[in-house]
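At position 333 of the sequence shown (counting the first as 1) the number is 985 in our numbering, and the numbers step up by one without a gap. No residue lacks a Cβ here, since even glycine has one placed at the ideal position from N, Cα and C. The structure presented is a predicted model; accordingly, all values stated were derived computationally and were not measured. Notes to accompany the following structure.
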Amino acid sequence: MPARTPRAQMLRRKINSNDSLDGILLSLDPRSQGPAHLPSPKPHTKVAALTGTVSLNARGFGFIAGADGESYFLRANLARFLLTGDTVRFIPLEDGEGDSREVRALVSVTRPVGRMLCEVHQVADLLHLVSDEPCFLPLQYTAGGDVTFAPGDVVAVRVPAYDGAPVARPLLVTVERNLGVRSRAGFDLDYSLVRFNFDAVMPEGLDAPRAQQGADQVEWQGGKSVPFVTIDGESTRDFDDAVYACVLPQGGWEVRVAIADVSWYVHEGSELDAWAAKRCTSLYLPGRTLPMLPEAMSVDRCSLVPGVARRAVMLTLELDAAGNVLSSQLERTLIESAARLTYTQVAAYMAGKPEARFALPVEHSLQALADVYRVLAERRAQAGRLDFDDPEPTMVQGEDGTWSLKWESRNDAHKLVEELMLLANRTAASMLVQRYGAGLFRFQPPPDEESWGELKDWANAHSYTLPEVPSLRSMAELVAAQPNAEAQAAAALKIRSSMQPARYVVQRSHEQGGHFSLSVDWYTHFTSPIRRYADLLVHRLLLAPEGYQPSAQDWEALSQQVEHCSDRAHAARLAERMVWDRLKLQSFMGANTTDDVVHARVVRTNQRGLRVVVTGWQCAAWLPAADLRANGYQWLDEVWVGGDPDAARILNEGVQLPVSWTSLSLVRPAYPELQVKLSQG
653 MPARTPRAQM
663 LRRKINSNDS
673 LDGILLSLDP
683 RSQGPAHLPS
693 PKPHTKVAAL
703 TGTVSLNARG
713 FGFIAGADGE
723 SYFLRANLAR
733 FLLTGDTVRF
743 IPLEDGEGDS
753 REVRALVSVT
763 RPVGRMLCEV
773 HQVADLLHLV
783 SDEPCFLPLQ
793 YTAGGDVTFA
803 PGDVVAVRVP
813 AYDGAPVARP
823 LLVTVERNLG
833 VRSRAGFDLD
843 YSLVRFNFDA
853 VMPEGLDAPR
863 AQQGADQVEW
873 QGGKSVPFVT
883 IDGESTRDFD
893 DAVYACVLPQ
903 GGWEVRVAIA
913 DVSWYVHEGS
923 ELDAWAAKRC
933 TSLYLPGRTL
943 PMLPEAMSVD
953 RCSLVPGVAR
963 RAVMLTLELD
973 AAGNVLSSQL
983 ERTLIESAAR
993 LTYTQVAAYM
1003 AGKPEARFAL
1013 PVEHSLQALA
1023 DVYRVLAERR
1033 AQAGRLDFDD
1043 PEPTMVQGED
1053 GTWSLKWESR
1063 NDAHKLVEEL
1073 MLLANRTAAS
1083 MLVQRYGAGL
1093 FRFQPPPDEE
1103 SWGELKDWAN
1113 AHSYTLPEVP
1123 SLRSMAELVA
1133 AQPNAEAQAA
1143 AALKIRSSMQ
1153 PARYVVQRSH
1163 EQGGHFSLSV
1173 DWYTHFTSPI
1183 RRYADLLVHR
1193 LLLAPEGYQP
1203 SAQDWEALSQ
1213 QVEHCSDRAH
1223 AARLAERMVW
1233 DRLKLQSFMG
1243 ANTTDDVVHA
1253 RVVRTNQRGL
1263 RVVVTGWQCA
1273 AWLPAADLRA
1283 NGYQWLDEVW
1293 VGGDPDAARI
1303 LNEGVQLPVS
1313 WTSLSLVRPA
1323 YPELQVKLSQ
1333 G
């Protein structure tokens, strides 16, 4: 049994019943204003107020993510004044240490205009609203326009802005939209879009200026008669990129990556540009796509469809036999894609299947592309590469019109395209640095000191020593060093949890940049301007007239825009995941009874139970502590331990367990949670 490390002791926190709302009577006296305090048993020295963002827990308490990078615990008698997302000024408890940092008093609350999703409940003859997210302020509502609703409906309400002292009086909201009952077909999709603030309908009249729509206004440049191909999924309709390669007489390869020339059509400052700058990304939801650009552009005018002349930005690279870039050139041109290929077709060709045959020029290019892919993949493997190739769900429509879930794993064709896009994005980033000494980059810092320390502790407990400084290669070697698949899964989970998110930034070349998990000094997004606004911004920088240099004000405006791009990209991922997660839950529960035994892998542990993911379905589920104890497990030294002392089984991350599902918890209606129990496998 592993000994409890000092770090584990520091991080351990027990939330007891006094931390929740249980038994607390909320004062709704509107006169209860001014700083809200914890009861103070002793005089406090003067402590400076800090600023942070609130996150509430359904059990009644919350946390504040401080601007200083620390997390502060928020007890229920303070949490009752707040909403998740509020910016607060607060006084910390001055004697808090380690993970016991706590809020002593709230000074002020700043809340922008926002939205909340609520379910309509009826008590006696009155209708009242219950928020889907943790909210301990009573809600009073008015109905906007002609919105009507009934018990069981879910409504979107407008939350007014607030700036002042914390108060516990009821929150006055306006009902703006009725989404209907949760069982309504299409409800989950509508709910997700409202929850993450995406408009489902694009404004009418958005289009590119007619004067710029003709592809015949430019020359072919170097793109004529080159047998470009697009390689995408079967259901893809917007083709951002086309690729080509050939072997050079002196050895090595010429690689061309052609990207849709969206900036030719979408002019800076136009209404279309303003819309794209606001949305920032396309959304890919089950059975439905919400494009960033109008469909007339995203799937037609800009899309690199086969057999039609299309405007493109072409990156031409010369690579040596080791995959080093010897030269690069960027130009606007016309191209005509020779074929629209799928990942399945290209993977079959790469595997040498006899049925996978194409026109000879296309096959010559595919063979060269496959050779380039293998060289680039080997270079990345030597530098250190982490592959988390989880199967991804797709929607398949049957002959009867019904939709079902299908799981797809990445094949060699996916990886080929990935390597080519990584190469193009790295090269585009280098071009920005060379031209401006600055640019718009995709930045991912290495794991922070605390996360790296925790990973080092875990590695030491598993007979592996990590270096003092984060290293991608050492992380890949840690996974490879594990003795079996279960241990490798555990290592991968630990590594994932240590990673920091990537985001868009504007940086000078002398500032710390780079993308840690790709092991590159500079990286950007250049290859998907149809569906990502950040890529469109990169195109504008790279294609700007010779001699153009952004002013300090230009860089500042760009910095603000890319921060918004990061926020909306994150929101899009959450919106997509919310809909897919609900669909996976519905599919799993429809295909498995409560008597069926399935396997699940532990992804997180704490004293309240285990977070697991059901193998083959990728459904998150909760295995509660009560069931673990009923099966002989105890919470000891920060882990669940069961069995005889001489043959104890430790339920660490990565361990696989036989389970059966028992129910679906709706404690947080926005995030239904599958409940499972241990079973005999």
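- Grouping DSSP H, G and I as helix and E and B as strand, with all else coil, what is D884? strand
- Message: Check for me: the beta strand (DSSP E) holding R962 runs from which residue to which?
- Response: 961 to 971
- Query: Roughly how many whole angstroms lie between the Cα atoms of G1337 and M1127?
  - Reply: Beyond the ends of the chain as shown, which are 653 and 1333, falls residue 1337; an answer cannot be given.
- Give the straight-line distance between the Cα atoms of R821 and E1051, rounded to the nearest whole angstrom. 55 Å
- Task: Kindly give me the distance between the Cβ atoms of H1167 and Q1096, rounded to whole angstroms, as I take these residues to be in contact under 8 Å.
- Result: 5 Å
- Task: Evaluate R683 with the Cβ neighbour count: other Cβ atoms within 10 Å of its Cβ, from every protein chain shown; 16 or more gives buried, anything less gives exposed.
- Result: With a pLDDT of 36 at R683, under the threshold of 50, the predicted position of this residue should be treated as unreliable, though the coordinate-derived value follows. Exposed: under 16 other Cβ atoms inside 10 Å.
- Query: Of all the options V1264, A1224, G1268, which has the alpha carbon lying nearest to the alpha carbon of S1239?
  - Reply: G1268
- Going by CA-CA distance only, name the one from I743, A802, D798 that's closest to D777. A802
- Item | Test item: CB-CB of V1366 and S989 under 8 Å | With the chain represented from 653 up to 1333, any question about residue 1366 goes unanswered, as that position is not in the structure.
- Task: Could you please give me the residues that DSSP links to N709 through a beta bridge?
- Result: Bridge partners of N709: none, in fact.
- Message: Determine whether the beta carbon atoms of P1045 and L1057 lie at a separation below 8 Å.
- Response: yes
- For R931, is the classification buried or exposed, using 16 other Cβ atoms within 10 angstroms of its Cβ as the cut-off for buried? buried
- Item | Identity of the residues DSSP links to Y1156 by a beta bridge | R1094
- Query: Looking at L1130 and L1145, is the spacing between their C-beta atoms short of 8 Å?
  - Reply: no
- Message: Going by DSSP in three states, Y1116 sits in which element: helix, strand or coil?
- Response: coil
- Tell me the start and end of each unbroken beta strand (DSSP E) in the stretch 719 to 789 that is at least 3 residues and wholly inside, in chain order. 723 to 726, 739 to 744, 755 to 763, 766 to 775, 778 to 783
- Using a threshold of 8 Å, state whether the C-beta atoms of A948 and D859 are closer than that. yes
- Query: In or out: Q864 buried (at least 16 other Cβ within 10 Å) or exposed?
  - Reply: Caution is warranted here: a pLDDT of 48 is assigned to Q864, below 50, making its placement in the model unreliable, and the coordinate value is therefore given only provisionally. Exposed, by the Cβ-count rule.
- Flag this pair as yes or no: are the beta carbons of P1321 and D784 separated by less than 8 Å? yes
- Query: By the 10 Å Cβ neighbour count, where 16 or more other Cβ atoms means buried, how is A1003 classified, buried or exposed?
  - Reply: exposed
- Message: Quick check: what's the CA-CA separation for L935 versus L1107?
- Response: 34 Å
- Item | Integer Cβ distance of S955 from D913, believed to fall under 8 Å | About 11 Å separates the two Cβ atoms, so there is no contact after all.
- Query: Are the stretch 1277 to 1290 and the stretch 1249 to 1264 touching by the rule of at least three beta carbon pairs closer than 8 Å?
  - Reply: yes
- Item | Burial state of T882, where buried means 16 or more other Cβ atoms lie within 10 Å | buried
- Query: When DSSP builds the beta bridges, which residues end up paired with L986?
  - Reply: R963
- Going by beta carbon distance, what residues of the same chain come within less than 6 Å of D815, once the five residues before and after it are set aside? T762
- Touching or not, the stretch 1068 to 1086 and the stretch 1161 to 1179, by the rule of three or more beta carbon pairs under 8 Å? yes
- Query: How big is the Cα-Cα spacing for Y1323 and A1227?
  - Reply: 12 Å
- Query: Taking DSSP as the reference, what is the three-state secondary structure of I1147?
  - Reply: helix
- Query: If we ignore side chains and look at the alpha-carbon of each, how far apart do D1318 and V977 end up?
  - Reply: The sequence given here places Leu at residue 1318; Asp does not occur at that position. Cα to Cα, L1318 sits roughly 54 Å from V977.
- Would you kindly check if the distance between the Cβ of T703 and the Cβ of A717 is under 8 Å? no
- Message: Any contact between the stretch 1211 to 1227 and the stretch 838 to 851? By contact I mean 3 or more CB pairs, one from each, below 8 Å.
- Response: yes
- Would you kindly work out how many angstroms separate the C-alpha atoms of I676 and V1231, rounded to a whole number? Note that I676 has pLDDT 31, beneath the 50 cutoff, so the model's placement of it is unreliable and the number below is only indicative. Looking at the two C-alpha atoms, the distance is approximately 35 Å.
- Let me know the alpha helix (DSSP H) ranges lying completely inside the stretch 1008 to 1071, each 4 residues or longer, listed in chain order. 1012 to 1035
- Message: Can you tell me where the beta strand (DSSP E) holding R940 begins and where it ends?
- Response: 940 to 942
- Message: Assuming H1251 is part of the beta strand (DSSP E), what are its boundary residues?
- Response: 1250 to 1258
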